[in-house]
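Structure first, commentary second.
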Amino acid sequence: MPNLDRRRALLTFGAAAGLAAIGAPAWARNLDVWEPRRAILDNLHTGEKFNEVYFANGSYLPDALAEATRVMRDWRTGETRFIDPGLFDALHAIGGKLETRAPFQIISGYRSPRTNAMLHGRSKGVATNSQHTVGKAIDVRVPGVDLRNLRNAALAVGAGGVGFYPTSNFVHVDTGRVRQWQGS
């Protein structure tokens, strides 16, 4: 993993996972603490896939979180950043609501500040202080699932910020405060 050696990554993920569990939003507290949680991701830009349990026996699994973070890296620069485990919990809850095991196709995961500034320069629909730049957001679609149903599932689980982009064919999900909007 660029910019992080393995030991530092494991310590970072372990500490952050513990903090994330303490400050979990209400919807995440409804997840069974003993039920394994799996993330199924497909990065459309790199072709990389992730289909692993990232939470089991009441704990986040640092190696799985590190691998999921790698798959969600900024594909333009190769940079990584810690991804909020609550984001994987949100996707897990959304997948459960949709009753699907289809992958979440990643349009955009982590974005470096440089990539975000470049995208903001091209489109004012890209926030200057995007949750993507702090590892708390993902833009996704799910094959075989109507985009409106994906948005509705994200709203139903109270997954923080939910942006609906029907023309661009994705739904934005983040772990920030609960809010919703529609883009293009």
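Residue numbers (this note's numbering): 1399 to 1582. Each residue gets a CB set at the ideal place from its N, CA and C atoms; glycine is no exception. Remember, it's a predicted structure, so these values are computed and weren't measured experimentally.
CA-CA distance, arginine 1474 and phenylalanine 1562? Counting from 1 along the sequence shown, the entry for residue 1474 is found at position 76. Counting from 1 along the sequence shown, the entry for residue 1562 is found at position 164. So the two alpha carbons sit approximately 24 Å from each other.
Rounded separation between glycine 1484 and lysine 1522 - CA only: Here residue 1484 corresponds to residue number 86 of the sequence shown, with the count starting at 1. Here residue 1522 corresponds to residue number 124 of the sequence shown, with the count starting at 1. Those two C-alpha atoms are separated by around 27 Å.
With a CB to CB cut of under 8 Å and the five nearest residues on each side skipped, what residues in its chain are close to tyrosine 1508? Counted from its first residue, the sequence shown places residue 1508 at position 110. If we look at tyrosine 1508 and ignore the five residues flanking it on each side, its Cβ neighbours are Thr1467, Met1470, Arg1471, Asp1472, Glu1477, Thr1478, Arg1479, Ile1481, His1530, Thr1531 and Gly1533.
How would you call proline 1501, buried or exposed, if buried means at least 16 neighbouring beta carbons within 10 angstroms? Position 103 of the sequence shown, counting from 1, holds the residue named residue 1501. Result: buried.
Report yes if the CB atom of valine 1569 is closer than 7 Å to the CB atom of leucine 1548, and no otherwise. Position 171 of the sequence shown, counted from the first residue, corresponds to residue 1569. Position 150 of the sequence shown, counted from the first residue, corresponds to residue 1548. Contact: yes.
For glutamine 1580 and arginine 1435, the rounded distance between their alpha carbons: The residue given as residue 1435 occupies position 37 in the sequence shown. The residue given as residue 1580 occupies position 182 in the sequence shown. Taking the straight line from one Cα to the other gives about 29 Å.
Just to confirm my understanding: we take valine 1451, look at its own chain, exclude 5 residues before and 5 after, and list those with CB closer than 6 Å. What are they? For the purposes of this step, residue 1451 is taken as residue 53 along the sequence shown, with counting starting at 1. Hits under 6 Å: Pro1434 and Arg1436.
Quick one: Cα of alanine 1535 to Cα of valine 1431, how far? For the purposes of this step, residue 1535 is identified with residue 137 of the sequence shown, where counting begins at 1. For the purposes of this step, residue 1431 is identified with residue 33 of the sequence shown, where counting begins at 1. Going by the C-alpha atoms only, they are around 23 Å apart.
For alanine 1491 and threonine 1596, the rounded distance between their alpha carbons: Residue 1596 lies beyond the stretch modelled for the chain, which goes from 1399 to 1582, so this question has no answer here.
For proline 1494 and leucine 1463, what's the separation of their Cα atoms in angstroms? Taking the first residue of the sequence shown as position 1, residue 1494 is located at position 96. Taking the first residue of the sequence shown as position 1, residue 1463 is located at position 65. Checking the displayed sequence, the identity of residue 1494 turns out to be glycine instead of proline. Those two C-alpha atoms are separated by around 20 Å.
Option in Ser1457, Thr1526, Thr1565 and Ala1551 with minimal Cα separation from alanine 1488: Here the question's residue 1488 lines up with position 90 in the sequence shown. It is Ala1551 whose Cα lies nearest to the Cα of alanine 1488.
Hey, quick one: how far does the beta strand (DSSP E) through isoleucine 1481 stretch, first residue to last? Residue 1481 sits at position 83 when you count from the first residue of the sequence shown. Element bounds for isoleucine 1481: n/a, residue is neither H nor E.
Got a sec? Which residues, its chain only, sit under 7 Å from isoleucine 1504 by beta carbon, not counting five neighbours each side? As a working mapping, residue 1504 is identified with position 106 in the sequence shown. So the list reads Leu1439, Asp1440, Asn1441, Leu1442, Met1470, Ile1536 and Val1538, once near-sequence residues are dropped.
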